[in-house]
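Q: Residue numbers (the UniProt record's numbering), protein chains in the order written: chain A, 1 to 159; chain B, 1 to 159. Just so you know, even glycine gets a beta-carbon here, dropped at the ideal spot from N, CA and C.
There are 2 protein chains.
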Amino acid sequence: MDSLGFKHHDHSTCISGGVAAVIQSCKEAGLQFTPVRKRVLELLLERHRAVGAYEILDTLREEGLGSQPPVAYRALDFLVKHGFAHKIERLNAFIACAHPGDNHSPAFLICRSCDAVAETATVAAGGRLGQAAEETGFTIERTVLEAEGVCPNCQGKPE
Amino acid sequence: MDSLGFKHHDHSTCISGGVAAVIQSCKEAGLQFTPVRKRVLELLLERHRAVGAYEILDTLREEGLGSQPPVAYRALDFLVKHGFAHKIERLNAFIACAHPGDNHSPAFLICRSCDAVAETATVAAGGRLGQAAEETGFTIERTVLEAEGVCPNCQGKPE
DNA sequence: GCGCGACACGTTATACAATAACACAGGTGC
DNA sequence: GCACCTGTGTTATTGTATAACGTGTCGCGC
Chain A
1 MDSLGFKHHD HSTCISGGVA AVIQSCKEAG LQFTPVRKRV LELLLERHRA
51 VGAYEILDTL REEGLGSQPP VAYRALDFLV KHGFAHKIER LNAFIACAHP
101 GDNHSPAFLI CRSCDAVAET ATVAAGGRLG QAAEETGFTI ERTVLEAEGV
151 CPNCQGKPE
Chain B
1 MDSLGFKHHD HSTCISGGVA AVIQSCKEAG LQFTPVRKRV LELLLERHRA
51 VGAYEILDTL REEGLGSQPP VAYRALDFLV KHGFAHKIER LNAFIACAHP
101 GDNHSPAFLI CRSCDAVAET ATVAAGGRLG QAAEETGFTI ERTVLEAEGV
151 CPNCQGKPE
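In structure tokens, the structure reads:
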């Protein structure tokens, strides 16, 4: 299951590629890509689905990289803040960004059967909602757009 | 601040009206609108903003209607399940529905300054996201659409 | 009346999510 | 050296949510 379109793919390349892209972005932006931050990003890329902060933390603990919640949350906050990962509000969980580097406003398709998450792009403050906001004088700064349903691989499977 | 459009309005009528509409809906659907459920709905309507489950619970406890988390969560689940209230995923909080009875897919404008929440309607699986879902064979069952920003009443206020 | 299932509620305990607050360690610039 | 900044380590606490099990009540068929 692919975070992009639920398709199979070569997983090792998308981990190494993801890490490489972020290293490059950090270098350009003068950000510190520390071991903890790198490892957390790798974990998100490996899992390739939404992962809870405490699942991350458990792995960090096993590997001796930090054992307390703030360690995981600080790394996740860094990744989210700079667009290398996203938080899935519906699941209170995190996922690696499928297009690191791009400045984008993401939307997600979440499979309630297998927990796979696909990321797609949206128009920033799109359509009806943007229109409604404009009419009332509301200034949109950030949008959360998450659709829950069943992915193609899980169609027809027992519930 | 109004949940509909951040405007002032007669609050007592929108509480009584909201409760009456839900009573009617429950009667038609054969649902039990019990004292706890009614009180929770009233609390949501009174507050007229997103309310955390534990804030609800505190009030229930004061009034002797139940003191443990499941009591509040069960009432909230009932209201959400039948469309009488919505969960704001971004805030982990709940709000009374502005259009009870309608079968709708809501969207929200959330003010990060005053916490007011406005509900608007969306096209069910609208625009780009629906298109992306269709292309990959994903079946959308529910969408979360929440925009965070600054409401007209808070524009220009100190942060 | 009695047994039965369905549903709501009560209670205990626990898991998962998130942050506050403070200490320390390593670089950088002066 | 020293002030400063950033990142990490640690303790403690708060907030959000659910599992699991027990109790009460109502309506229904017998």
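With distances taken from CA atoms, which of His8(A), Ser105(A), Cys114(A), Ser16(A) is nearest Leu45(A)?
A: Ser16(A)
Q: Would a C-beta distance cut-off of 9 Å place His104(B) and Ala29(B) closer than the cut-off?
A: no
Q: Where does Lys7(B) fall in DSSP's three states?
A: Per DSSP, reduced to three states, the secondary structure at Lys7(B) is coil, with no helix or strand assignment.
Q: Distance cutoff 9 Å, beta carbons only. Does residue 174(B) sit that close to anything in chain A?
A: This structure leaves residue 174(B) out entirely; chain B is present only between 1 and 159.
Q: Short check: CB of Gly66(A) to CB of Leu41(A), under 9 Å?
A: no
Q: Using 9 Å as the limit for Cβ to Cβ distance, is Glu63(B) near chain A?
A: no
Q: Tell me whether Ala107(B) is buried or exposed, calling it buried when 16 or more other Cβ atoms sit within 10 Å of its Cβ.
A: With 16 or more other Cβ atoms from the protein chains shown falling within 10 Å of its own Cβ, Ala107(B) counts as buried.
Q: Alpha carbons only, please: which of Pro100(A), Ile23(A), Ala98(A), Ala53(A) is nearest the one belonging to Ala75(A)?
A: Ala53(A)
Q: Does the Cβ-Cβ distance between Ile95(A) and Val117(A) come in under 9 Å?
A: yes
Q: Going by beta carbon distance, what residues of the same chain come within less than 7 Å of Glu148(B), once the five residues before and after it are set aside?
A: Arg90, Ile110, Arg112
Q: Quick one: is Pro100(A) buried, meaning 16 or more other Cβ sit within 10 Å of its Cβ, or exposed?
A: buried
Q: Mind checking the region 87-117 of chain B against chain A and listing, in chain order, the residues whose C-beta falls within less than 7 Å of any C-beta there?
A: Glu89, Arg90, Ala107, Leu109
Q: Determine the burial state of Thr13(A): buried for a count of at least 16 other Cβ atoms within 10 Å of its Cβ, exposed for fewer.
A: exposed
Q: Can you list, in chain order, the residues of the region 140-157 of chain A whose Cβ is nearer than 8 Å to any Cβ on chain B?
A: Ile140, Glu141, Arg142, Thr143, Val144, Leu145, Glu146, Ala147, Glu148, Gly149, Val150, Cys151, Pro152, Gln155
Q: In chain A, what lies closer than 9 Å to Thr59(B) by C-beta?
A: Simply none; closest approach about 25 Å.
Q: What in chain A is Cβ-close to Ala133(B), meaning under 8 Å?
A: Leu109, Ala147, Gly149
Q: Give the residues of chain B in contact with Thr13(A), contact being defined as C-beta atoms less than 9 Å apart.
A: Under the 9 Å cutoff, chain B gives no residues; its nearest Cβ is about 21 Å from Thr13(A).
Q: Relative to the C-alpha of Arg49(A), which residue among Ala121(A), Phe6(A), Asp77(A) is closest?
A: Each of Ala121(A), Phe6(A), Asp77(A) was checked against the Cα of Arg49(A), and the nearest Cα belongs to Phe6(A).
Q: Buried or exposed for His86(A), please, with buried defined as at least 16 other CB atoms from any protein chain shown within 10 angstroms of its CB.
A: buried
Q: List the residues of chain A whose Cβ lies closer than 8 Å to the Cβ of Thr34(B), in chain order.
A: Those do not exist, as Thr34(B) stays about 28 Å from chain A at its closest Cβ, beyond 8 Å.
Q: Once DSSP output is grouped into helix, strand and coil, what is the label at Arg74(A)?
A: helix
Q: Check the Cβ-Cβ distances between Gly137(B) and every residue of chain A, and say whether any is below 9 Å.
A: Output row for Gly137(B): interface = yes.
Q: For Phe6(B), which residues in chain A fall below 9 Å Cβ to Cβ?
A: Thr136, Gly137, Phe138
Q: Between Val36(B) and Leu43(B), how many whole angstroms is the CB-CB distance? I'm expecting something under 8 Å.
A: That pair is no contact at about 11 Å.
Q: What does DSSP give as the partner residues of Arg142(B) in its beta bridges?
A: Glu148(A).
Q: List the whole-angstrom C-beta distance separating Arg39(B) from Leu60(B), where the pair is believed to meet the contact cut-off of C-beta under 8 Å.
A: 7 Å
Q: Tell me the DSSP secondary structure of Leu109(A) in three-state form.
A: strand
Q: Taking the straight line between their C-alpha atoms, what separation do you get for Ala20(A) and Gln131(B)?
A: 31 Å
Q: Tell me, please, whether the CB atom of Arg49(A) is closer than 9 Å to any CB atom in chain B?
A: For Arg49(A), the answer is no, since every Cβ of chain B falls outside 9 Å of its Cβ.
Q: Please name the residue or residues paired with Ala132(A) in a DSSP beta bridge.
A: DSSP, once it has assigned bridges, lists no residue as partnering Ala132(A).
Q: Using a C-beta cutoff of 9 Å, does Pro69(A) count as contacting chain B?
A: no
Q: Hey, how far is the Cα of Glu62(A) from the Cα of Gln68(A)?
A: 12 Å
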